[in-house]
Amino acid sequence: MLVRCITLSLDRFENQSDAKVAEVLSECRLLSYMSQMSMRMSFLFRLINIIHVQTLTQENVSCLNTSLVILMLARRKEKLPFYLRTLQQMEYTEKYPGFILNNFHSLLRFWQQHYLNKDKDSTCLENVGKPLTIARMAHSNICLLVT
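When you line the sequence shown up against the numbering used here, it's residues 470 to 616, in that order.
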C-alpha cells in the first residue's frame, strides 16, 4: 500500500508545474528515488515476483493491485509496452526467462475472473473503469510477449 501511495503521489506531483511541487520532488529522497525509472521497474518486478495465484491472499493481493496501478499510470503516459518489454528484459537478466510475465499473466487472469464474477466489485470497477481496461490490455500485451 505504501508503494502504491508513493506511486500515485509521484504521478500527481509530476503532472503539476508548481515551483513548490518541483522543490518537494527535489528535496524528498523517497520521491526522488521512486521517480527513477530503474527503481520503479525494480519495484514492479519484485511486486510481480513475490506473489503467485496459488499463494494469493487478502493480505498480499495489494501487491497485484499496486502492480496494476503502476501499469495503469504507464498506459496513461503511453509507456505500457515499454514497461512490459523492460520486465521481459529483466527476466532474462535475472535468469527467469518467461517466469515473471507468465506469472503476471496468471495473476491477471485470476484478477479478471475474481473481479468480473463479483457484482459489487465489478460495479465499483466499472465506475472506476481504468483498472479493468489496464488488466485486459496488459493481459493482451503479455500474451503477445510470452507466445
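For every residue, glycine included, the Cβ atom is placed at its ideal position computed from N, Cα and C.
Can you tell me which of the options puts its alpha carbon nearest to the alpha carbon of residue i?
i	options	result
residue 581	483, 537 and 494	537
residue 540	492, 520, 586 and 553	553
residue 562	500, 495 and 511	511
residue 584	499, 530, 481 and 484	530
Give the C-beta separation of residue i and residue j to the nearest angstrom, bearing in mind that I take them to be a contact with Cβ-Cβ under 8 Å.
i	j	result
residue 556	residue 513	7 Å
residue 533	residue 471	Contact flag wrong, Cβ pair sits at about 15 Å.
residue 479	residue 503	5 Å
residue 517	residue 572	6 Å
Tell me the rounded alpha-carbon separation between residue i and residue j.
i	j	result
residue 591	residue 579	Note on residue 591: pLDDT 46, under 50, position unreliable in the model; the coordinate value appears next. Straight-line Cα distance between these residues: approximately 14 Å.
residue 520	residue 476	19 Å
residue 474	residue 549	20 Å
residue 560	residue 492	36 Å
residue 482	residue 489	10 Å
residue 498	residue 544	26 Å
Counting along the chain, where does the alpha helix (DSSP H) carrying residue i start and finish?
i	result
residue 584	568-585
residue 506	506-518
residue 474	471-483
residue 549	549-562
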